[in-house]
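**Student:**
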Amino acid sequence: MLVAGYERDFNESLQYWRTRFVVVPTKEPPNLNTGPGGERLNDEEIRLLGIEKLAELFTKIRWQPSEERINNPAPPIRFLPTTLDPAASVLDESLMDQLDQIHAQGPLKKKIKSEWEIGDLPPAMIVKAMREEDGVPIRYYQWHRNQYPNSFIGHEFVSWLVREFNDVTSRAQAAEWGARLLEQGFFEHCRGQHGFLDG
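So for the sequence shown, my numbering puts the first residue at 121; every next one is plus one.
1. Need the endpoints of the beta strand (DSSP E) that P269 sits in, please.
2. Could you name the residues that DSSP lists as bridge partners for W263?
3. Buried or exposed: where does A207 fall if 16 or more other Cβ atoms within 10 Å of its Cβ makes it buried?
4. Count Cβ pairs between the stretch 277 to 290 and the stretch 236 to 252 that sit closer than 8 Å; are there 3 or more?
5. G158: buried (16+ other C-beta within 10 angstroms of its C-beta) or exposed?
6. Can you have a look at L211 and say buried or exposed, based on whether 16 or more other CB atoms are within 10 angstroms of its CB?
7. Using the Cβ count rule (16 or more neighbours within 10 Å means buried), how would you classify A244?
8. When DSSP labels each residue in this structure, what does T154 get in the three-state scheme?
9. Out of S279, E296, Y268, E235, point me to the one whose CA is closest to M255's CA.
10. Output the boundary residues of the alpha helix (DSSP H) element that contains S290.
11. Taking I171 and P201 to be in contact with their CB atoms under 8 Å, please state how far apart those CB atoms are, rounded to whole angstroms.
12. Check whether the stretch 291 to 302 touches the stretch 251 to 268, taking contact to mean three or more Cβ pairs, one atom from each stretch, closer than 8 Å.
13. Helix or strand or just coil, what does DSSP make of R160?
14. Under the rule that 16 or more other beta-carbon atoms within 10 Å means buried, what is G274, buried or exposed?
15. Can you name the start and end residues of the alpha helix (DSSP H) that G274 belongs to?
16. May I have the straight-line CA-CA distance separating H105 from K147, to the nearest angstrom?
17. DSSP three-state call for L301: helix, strand or coil?
18. Among R167, F306, D205, E176, which has the Cα closest to the Cα of N270?
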């Protein structure tokens with residue numbers, strides 16, 4: 121019901137449900153084996169990008185009455201990856217906090233008081249703004265049992281750019297800004313293997 125758009129509120133009774141989807145593969149495998157800079161992606165990174173693409177497809181095909189589609193577009197669907205089984209997931213405070221944040225934010229909206237134009241700011245000011253209290257969550261992240269301090273997730277950075285800057289109107293445009301800032305050396309991939317990804 122949530123995916124189809126008939127149910128809007130993530131109520132307490134839904135929090136503990138388990139949902140299974142069957143994904144029917146295409147005849148030809150998708151061509152997702154390279155990142156934005158042409159670098160080779162491993163199998164796990166390809167799966168994660170595939171999950172993001174699946175979320176995009178679910179967002180596009182979700183049913184919504186025509187008047188609501190214009191006035192109140194549905195928020196994008198997100199999958200939160202975890203290595204925990206369903207019972208342990210609900211006990212993971214970090215995962216539940218992420219879930220609560222997603223449902224509290226609803227659709228990506230511009231801040232009402234924001235008058236920032238990203239084109240007018242020097243890159244150092246953008247990086248400074250992302251470290252402010254309501255900026256991009258920068259913390260320890262874990263990947264394959266390795267911890268990375270002072271890191272952020274590309275998806276959250278893109279969402280922040282779309283929300284904060286009046287002249288950033290799409291996720292693709294925000295990802296281009298992320299790639300520019302990475303090229304200029306304001307941040308780097310935690311393992312030094314990829315360009316900027318909205319994921």
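Ideal placement from N, C-alpha and C gives every residue a C-beta, glycine not left out.
**Tutor:** Result, derived from the coordinates:
1. 266 to 271
2. N266
3. exposed
4. yes
5. exposed
6. exposed
7. exposed
8. strand
9. First, the residue type needs correcting, since residue 255 is Gly and not Met in the sequence shown. Of the listed residues, the one whose Cα sits closest to G255 is S279.
10. That residue, S290, is in no alpha helix (DSSP H); it is neither H nor E in DSSP.
11. 7 Å
12. no
13. strand
14. buried
15. 274 to 284
16. With the chain represented from 121 up to 319, any question about residue 105 goes unanswered, as that position is not in the structure.
17. helix
18. F306
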